[in-house]
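All remarks here apply to the structure that follows.
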Amino acid sequence: MTEKALSKSLKYLIVISCVFVFMLALWIVLVQTNLLDRLMGTDEEQTQIELVPGEVLGPNNRILMFEHVDRSRISSIEIHNPDGEYTFVNNNGSFGLPQYDGMYYDEQSIASLVVSAGYTITQERVTKDAKKEDLKKYGLDDPTAYWILKTVEGRTYKVLVGDCILADGGYYGMLEGRENCIYILNSTVESNIFKPLEVYVVPLVCYGLSEQTYYLVDNFQITHGLSGAKKRDPFVHVKQCTKEEFTNPDVQVETKLQYPAGYKTDDTFFMSSVMGKFLSLVGEETVYIGDSKEKKAEFGLGEDDFIYEISFSLGSGDEMMKFVTRVSELQDDGYYYCTSNLYNHEMVVKCTKDTFNWLEYGLIEWIDDYPIMLNITGVDAISIEFGENKYTFDLIHSTDSEGNALLEVKGDDGFVLENSEVQNFREFYKVLLSVQIMGNINSELNEEGIPATFTDEEIEEIVEDENNFMGRVTFHKINGDDKNYSFHRYSTRRAIFNYNGAKNFYVLADWIEKLENDVELVLQNIEVDSHSKN
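According to this note's numbering, the sequence shown is numbered sequentially starting from 195.
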């Protein structure tokens, strides 16, 4: 063997010898300190654990206060803790609260409770020789909480929970009828037995509906103000349109406002921003179940709090359901709180900011930008007035031999447009429909940079002043539901848009001036450009 090979073999031998010496030393230490026996859990140690009658030895030599009662054998679990008391009853494997029948429960939380209540594995038994006078130092003379578990066989176990052990995160515990034994229950007691009832209830505010079922919702209303009847102020009332009222025959659902006027609803906003959130609303958590006015006031839902109230119906006939939900103002903690009558038991649900932020939007968000949405086939006359100039167009509808719609227009002084000439009038009709709502009358600034805030009385004065009158258009509908729009200037470029008496918004004066010019073009049979601004 070469000198190099010999040297390499010698190094391996030295390494192996060192490892052997280290392992031998470690073995001696473990044996001398009995650490190995404690790590391995010897049969001798297991036989040294003395169980009192009723106890059961669990895994890792942990003591169970009583036999393991699995889910199928539990009849009921009665909870008493600082937040109240409630009882879960097993009904064919499904646990529920009899006093709150029909609620949706958090099954994961219930499963955790069932395991904690029926599988009472302890960290250790502190003593089996406790005297009555010893219970005070464990907090078991006046228990913080307790639970009563009943089995289908008729057995009853009552576990009392005392003081918290800060160092280990457990609690002192005792089984009624075995007061001489004190145990340490692990921290799962806190996460289950100490839970308030509300934690187990799913914070469901409204039934989840898909976009395909929005058409079932009708009479959607929002009111503002105090909850007392004398202080309720209506805000919006959205109604489903009948098929005859549709302005777009290709849509499945179309809505309009009944209040404050029959404006065309901005269906994109209503369906997405409102219904899309509300009809599938599950809040962050259920915080209260009951009818205590004082308790609800803690969440901004008291009788004297400013709230929103939402109501609507779902379905029709005998299957129609009515929902009413009250919503608090945004609270200091950054959440809204709302009531729900979905379970036939009123409860309060905590909701994130974006859930109800649409409640704080102004009326203009609810209105279609183009409020005059009338299908020409439903109109039999149009009256137009500019100062002393008044015009009337009678619309005569018919069909040809193939069922195609035909239109004939007759005006004052024998003015007649035949079917072949009516296209220009149709362009003029587009101008009528192109009036655009630009904003609320009480916007932050007017075009001169001056804050424009008007009282209702001041708005009425503007409308009643003949010097401010710019024009009026009335659509006489075949069904008798006439639509009247008038325009009243209140600044250089703005005019109040008065729709059947509702005066919420303004339009640009330029559009009214274009309309006046286009009427003359129609009468002279000169081409109308519905896309031009003048």
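Backbone N, C-alpha and C define an ideal beta-carbon position, used for all residues, glycine too.
Rounded distance between the beta-carbons of residue j and residue i, thought under 8 angstroms
i: M541; j: I501; result: Not confirmed; about 16 angstroms, so no contact.
i: S577; j: T586; result: 5 angstroms
i: Y340; j: V353; result: 6 angstroms
i: F699; j: N636; result: Not quite, the Cβ-Cβ distance comes to about 10 angstroms (not below 8 angstroms), so this is no contact.
i: K727; j: D704; result: 6 angstroms
i: L343; j: A305; result: That pair is no contact at about 15 angstroms.
i: T436; j: K458; result: Incorrect: roughly 14 angstroms between the Cβ atoms, too far for contact.
i: Q415; j: F506; result: 7 angstroms
i: L398; j: L508; result: Contact flag wrong, Cβ pair sits at about 14 angstroms.
Residue nearest to residue i in terms of C-alpha spacing, selected from the options
i: M664; options: C532, S466, S505, F681; result: F681
i: M259; options: C375, Y679, G287; result: C375
i: F609; options: L557, K344, D562, V713; result: V713
i: A361; options: K326, E373, Q317; result: Q317
i: N551; options: Y531, N569, Y564, L536; result: Y531
i: N719; options: I672, F619, G597, N583; result: F619
i: Q617; options: V603, Y332, S486; result: V603
i: L379; options: G367, Q434, E373; result: G367
i: D676; options: E301, A575, S474; result: A575
i: N756; options: K516, T571, Y313; result: Not covered by the structure: residue 756. The range shown for the chain is 195 to 728.
i: Y564; options: G364, P276, G456; result: G456
i: S724; options: F388, I672, L627; result: L627
i: K745; options: K450, E660, T533; result: Any answer about residue 745 is impossible in this case: the structure gives the chain only from 195 up to 728.
i: G470; options: C400, D650, T441; result: C400
i: Q293; options: E582, T519, L391, M515; result: L391
i: L451; options: S266, I561, T549, K624; result: I561
i: V393; options: G278, D588, V521; result: G278
i: K331; options: C358, K458, L715, V309; result: C358
i: E615; options: V722, H539, F580; result: V722
i: T263; options: V309, I243, D444; result: Note on residue identity: the sequence assigns Val, not Thr, to residue 263. Closest option to V263, Cα to Cα, is V309.
i: N535; options: E261, S270, G296; result: G296
i: N694; options: Y453, R372, V395, R426; result: Y453
i: D606; options: L589, E596, I656, N286; result: L589
i: E503; options: R256, Y684, H418, E272; result: H418
According to DSSP, residues forming a beta bridge with residue i
i: E279; result: H274
i: P428; result: T417
i: E579; result: K584, R666
i: A339; result: V355
i: S266; result: Note: S266 sits in no beta bridge, so no partner.
i: R256; result: DSSP lists no partner for R256.
i: G290; result: V283
i: V411; result: L508
i: K544; result: E479, Y531
i: Q434; result: T449
i: R319; result: Y377
i: L715; result: Note: L715 sits in no beta bridge, so no partner.
i: V250; result: L258
i: Y299; result: V395
Where residue i falls, given that 16 or more other Cβ within 10 Å makes a residue buried
i: L233; result: Reliability fails at L233, whose pLDDT of 44 lies under 50, so the model's placement of it is uncertain and the value that follows must be treated cautiously. L233 is exposed by the Cβ-count criterion.
i: T350; result: exposed
i: L229; result: Because L229 sits at a pLDDT of 43, beneath the cut-off of 50, its placement in the model cannot be relied upon, and the following sentence gives the value as read from the coordinates. Classification of L229: exposed, given that the 10 Å Cβ count is below 16.
i: H274; result: buried
i: E249; result: buried
i: L600; result: exposed
i: P154; result: No statement about residue 154 is possible, as the shown extent of the chain runs from 195 to 728 and does not include it.
i: D527; result: exposed
i: V430; result: buried
i: W221; result: For W221, the pLDDT reaches just 47, beneath the cut-off of 50, and the residue's location in the model is therefore unreliable, leaving the point undetermined.
i: I631; result: buried
i: R688; result: buried
i: E497; result: exposed
i: T314; result: buried
i: Q226; result: Summary for Q226: the model assigns pLDDT 42, below 50, so the residue's position carries little reliability, and this model does not support an answer.
i: P276; result: exposed
i: K708; result: buried
i: V346; result: exposed
i: V445; result: exposed
i: V716; result: buried
i: P443; result: exposed
i: L251; result: exposed
i: Y555; result: exposed
i: S522; result: buried
i: N284; result: buried
i: V246; result: exposed
i: E546; result: One point to set straight first is that residue 546 is Thr, not Glu, in the sequence displayed. By the 10 Å Cβ count, T546 comes out exposed.
i: T236; result: Annotation note: pLDDT 45 at T236 (below 50); position unreliable, no value reported.
**Request:** Note down, one range per segment and in chain order, each beta strand (DSSP E) of at least 3 residues found wholly within the stretch 581 to 665.
**Result:** The qualifying runs are 583 to 593, 599 to 605.
**Complete beta strand (DSSP E) runs within the stretch 672 to 710 (minimum length 3 residues, chain order)** = 677 to 683, 688 to 693, 696 to 702
**Asked** Which whole runs of the beta strand (DSSP E) in the stretch 457 to 524 are 3 residues long or more, in chain order?
**Response** 479 to 483, 501 to 508, 515 to 522
**Prompt:** Mind pulling the alpha helix (DSSP H) runs of 4 or more residues that sit fully within the stretch 365 to 395?
**Reply:** Those alpha helix (DSSP H) runs which fall completely within the stretch 365 to 395 and span 4+ residues are 382 to 386.
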